[in-house]
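Quick note on this note's numbering: the sequence shown kicks off at 442 and runs consecutively.
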Amino acid sequence: MKRPTGKPTRRNTQGVATRGRPGRASATPRLPRGHGGDSAKTVRVFALAVPGLAPLVRAELEDHDGLHPEDAGFDGRADVVLFGAERGSRVEALALTTAEDVFIEVGRTLRAHGDEPRWIAGGLWGTERVQRALSVWAELAGPLRARMTFRVIVRTLSERSFRRTELRRALTDEVGRRQPKWRIDDPAALELWAIEYQPGRFVAGLRASDVRMRQHQGRAAERTGALRPTVAAAMVRLAGEPRGRLLDPCCGSGTLLAEAQHRGWQGFGGDIDPTAIRVAHSNSPHAQLVVADARAIPYQDRVLDACVSNLPFGRQYGVEGPMKPWLHAVTAELTRVVRPGGRVVLLSPEQLAHVQSGLRLLRRVPIRLLGTRTTIWAFERRGASGQRESGDVKRKAG
Ligand SMILES: C[S@@+](CC[C@H](N)C(=O)[O-])C[C@H]1O[C@@H](n2cnc3c(N)ncnc32)[C@H](O)[C@@H]1O
C-alpha cells in the first residue's frame, strides 16, 4: 500500500487536494468542472438512483432552470448523477421524482492524487466546501448543532489498493479530528457518504434526503410486488407530456397511477385481481378502476393517450399459460385502446422489441431492480398522430 509522501498539499481549482510540484495535477486525470464553477449561488449536489435510471434523472434535472447536470457514474450499487443546484432551486433537488437520495457535496478527489485511505479521506473532508455544505445541509435537512452524531458510509469500485472499511475508518477519523465534539452513532443525525462513482474518482456528500424521498408520498395501503416509486416516475416520464388519459392495465397497488396523477395525467387502472383494485383505490382514489383482464380491456378503441404498466412476471405474479402469446394479446389490446401517436411504456424482462407491429420502439432503458435485470420499453402507437376519441372510455354493453 502506498503511503503519503509528506510533500506539501496544494488545492487545485476545484478545491481538491493534490501533492508535489505545481503543474503535477495537469499530468493526472482532471475532475469535471461544475456548472457555474465555485459560484456562491451554486452548490454541488449528487443523487443516487436505481441502476440504469441516470439518463432519466439527468432529463428530470434539465426540466429545472436552476439544476445543472455535470457528470454521472455508477458506484457498484446505484447510479450516481452529479449536478449543480442554484440557490433558489436547492429544495427542488429534494423533490426529484426519479432519484432515491440526494447529497450535498463536501469534496471530490482522485485515486491518482494518492491511492491511500488517509489521503483520500483528507481530500474529501479537508476542503473549505465542508462549512458551506454544512450550512446548506442545515437549510435543507438540519438542524445543525455543535454536538452532532455522525456516521460514514463508503462505496468503492475496487479493493486492490485498500479495503472499503479502511477508507471508512480513515474518513471517520478525519471527521472526528476536525469536529471533536461530534460523536459516532448509528443511526446518526448526519450521514457522510463517500463513493467511487467512476473508477478512481471519489465524491463525498452529506445526505440531505431521508427515506421519504424515495417513497414519494408513501402508499396508504401496501401489496406485495409493488413497484419502486422512482421507477414508476421514470416510466411515467417516458409516456411524454401529461396530456389526457393514462391506463395501467395491470395496476396492482396503483403505484404508476399515483405517479401519473401527480404528473397531471387522468388515471385509469385495471387488474385481474379484485384485491389489487381495492388496494389501488386506497392509493389512487381519483383513478377510474376496473377488475379486468389486460387481454380483454373493456374500453373502446383509441380512447387513451398512454398506457404504462409493470407487467406480471417473476416470482410474485405470473401469467396464465406461456408468456409469449400472453404478451402478444396484451400488447394488441394496448395498441387498440391507445390513440395513434400515444405512448405505451412497459417494464418487462422479456424481449418486446418486435412484439407488436402497431408499436414503434422509441427507447429501451435497461435497469436493475433488487439485483434482477429488466427493461423499460417505450413505444409510440403507429399511425397518423391525432386526438383520441372523446367521450366515455367504456365499451357499450352488448
Ligand atoms: C407486477 S404486479 C404490478 C405491481 C404494480 N405496478 C404496483 O406497484 O403495485 C402485476 C399485476 O398484474 C396483475 N395481473 C396478472 N395477470 C393479469 C391479467 N391477465 N390482466 C390484468 N392484470 C393481471 C396481477 O394481479 C398484479 O397485480
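Ideal placement from N, C-alpha and C gives every residue a C-beta, glycine not left out.
Here the structure is a predicted model, which means the values were calculated and not measured.
### Query
Leaving out the 5 sequence neighbours to the left and right, which residues in its chain are closer than 6 Å to arginine 743 when beta-carbon positions are compared?
Within the same chain, and ignoring the five residues on either side of arginine 743 in sequence, the residues whose Cβ sits closer than 6 Å to its Cβ are Arg780, Arg829 and Glu830.
### Task
Mind listing which residues have their beta carbon within less than 5 Å of any non-hydrogen atom of ligand 1? Chain order is fine.
Gly666, Ala667, Leu668, Cys691, Gly693, Ser694, Thr696, Asp712, Ile713, Asp714, Ala717, Asp734, Ala735, Asn751, Pro753 and Tyr758
### Cβ-based neighbour list, alanine 735, same chain, cut-off 6 Å, excluding 5 preceding and 5 following
Pro690, Cys691 and Val771
### Task
Pair every Cβ in the stretch 798-809 with every Cβ in the stretch 697-708, then say whether three or more of these pairs are closer than 8 Å.
Segments in contact, no.
#### Entry: Limits of the alpha helix (DSSP H) - the one that glycine 617 falls within
For glycine 617, the uninterrupted alpha helix (DSSP H) run begins and ends at 605-619, by DSSP.
### Task
Report the rounded CA-to-CA distance for glycine 564 versus proline 496, giving the unit in angstroms.
29 Å
#### Entry: Rounded C-alpha distance that separates valine 760 from aspartate 714
12 Å
### Under the three-state DSSP convention, the category glutamine 656 falls into
helix
### Message
DSSP has glutamine 639 in a bridge; who is on the other side?
### Response
Answer by DSSP bridge pairing, in chain order: Arg642.
#### Entry: Distance, alanine 513 Cα to leucine 537 Cα
16 Å
### Beta-bridge pairing of glutamine 707 - partner residues as DSSP gives them
Arg686
#### Entry: Cβ neighbours of arginine 588 in the same chain (closer than 6 Å, five flanking residues each side left out)
Lys622
### Classification of alanine 662 by the beta-carbon crowding that lies within 10 angstroms, buried from 16 upward
exposed
#### Entry: CB contact flag (alanine 574, glutamate 541, <8 Å)
no
### Query
In the structure shown, what three-state DSSP assignment does arginine 549 receive?
strand
### Task
Please state whether DSSP places serine 750 in a helix, a strand or coil.
In the displayed model, serine 750 falls within a strand according to three-state DSSP.
### Query
Going along the chain, which unbroken runs of the beta strand (DSSP E) with 3 or more residues stay wholly within the stretch 524-600?
542-551 and 590-596, all fully within the stretch 524-600.
### Query
Got a sec, what are the start and stop residues for the alpha helix (DSSP H) threonine 772 sits in?
764-778
### Query
Leaving out the 5 sequence neighbours to the left and right, which residues in its chain are closer than 6 Å to valine 834 when beta-carbon positions are compared?
Excluding sequence positions up to five before and after valine 834, its CB lies within less than 6 Å of the CB of Tyr740 and Val744, all in the same chain and listed in chain order.
### Query
If you pair each beta-carbon of the stretch 662-672 with each one of the stretch 627-642, do three or more pairs fall below 8 Å?
no
### Message
Does proline 463 come out as helix, strand or coil in the three-state DSSP assignment?
### Response
Only weak support is given to the placement of proline 463: the predicted model assigns it a pLDDT of 28, under 50, and the value that follows is read from those uncertain coordinates. Three-state result, proline 463: coil.
### Query
On the three-state DSSP scale, how would you describe glutamine 828?
coil
### Task
Please confirm whether alanine 784 and alanine 825 have their CB atoms less than 8 Å apart.
According to the sequence shown, residue 784 is arginine rather than alanine. No, these two residues do not count as a Cβ contact at 8 Å.
#### Entry: Cβ shell of threonine 813 (< 6 Å), same chain only, five flanking positions each side left out
none
### Query
Roughly how many angstroms separate the alpha carbons of phenylalanine 487 and histidine 727, rounded to a whole number?
Taking the straight line from one Cα to the other gives about 34 Å.
### Message
Quick test of your reading: serine 650 and valine 543, contact by CB under 8 Å. State the CB separation rounded to the nearest angstrom.
### Response
The Cβ separation is near 5 Å, so the contact holds.
### Message
So the candidates are Glu557, Val577 and Arg805; which of them puts its Cα closest to the Cα of phenylalanine 603?
### Response
Glu557
### Message
Mapping the DSSP letters down to three states, classify proline 781 as helix, strand or coil.
### Response
The answer is strand: DSSP assigns proline 781 an E or B state.
#### Entry: Sheet register partners of glycine 514 (DSSP bridge)
DSSP, once it has assigned bridges, lists Val521 as partnering glycine 514.
### Query
For isoleucine 713, does the three-state DSSP call read helix, strand or coil?
coil
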